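Numbering (our numbering), first residue to last: 602 to 723.
Dropping the structure here:
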């Protein structure tokens, strides 16, 4: 396959994935399962596993986790300009700005600082 054809295929795949994500955003998220530490949500064809925001967490961590959940399900973060896209395999990637409190690395750091065990899954 030549370079021009490969670029055209990548562009088509990216456009298709963007349209699938836009279509999914037209549907309301629905809770599929709730567990002690996480919930499983469905929005369109996409499934998301999100941490539960426990009542006994420090307020700083609650706000950050809530922003993380909102960004994952809705594609917008109240704390930063999040970027959401779909990779080649169809996985939705939500990327917060580096210093955003809802960024997975910052969540782990806040947990360490506040004495709460936060495990980054991806």
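C-beta atoms are modelled at their ideal positions from N, C-alpha and C, and glycine is treated no differently. Remember, it's a predicted structure, so these values are computed and weren't measured experimentally.
Of the listed residues the options, nearest to residue i (C-alpha basis)
| i | options | result |
| --- | --- | --- |
| residue 674 | 647, 718, 617, 656 | 647 |
| residue 632 | 623, 615, 653, 620 | 653 |
| residue 679 | 668, 686, 618 | 668 |
| residue 710 | 641, 666, 685, 606 | 666 |
| residue 637 | 650, 677, 684 | 650 |
| residue 659 | 719, 715, 623, 720 | 715 |
Collapsed DSSP secondary structure at residue i in the structure displayed
| i | result |
| --- | --- |
| residue 705 | helix |
| residue 634 | strand |
| residue 698 | coil |
| residue 613 | helix |
| residue 644 | strand |
Alpha-carbon spacing of residue i relative to residue j, whole angstroms
| i | j | result |
| --- | --- | --- |
| residue 615 | residue 695 | 15 Å |
| residue 603 | residue 683 | 34 Å |
| residue 605 | residue 613 | 12 Å |
Would you list, in sequence order, the uninterrupted beta strand (DSSP E) runs of no fewer than 3 residues that lie entirely inside the segment 651 to 701?
684 to 687, 693 to 696
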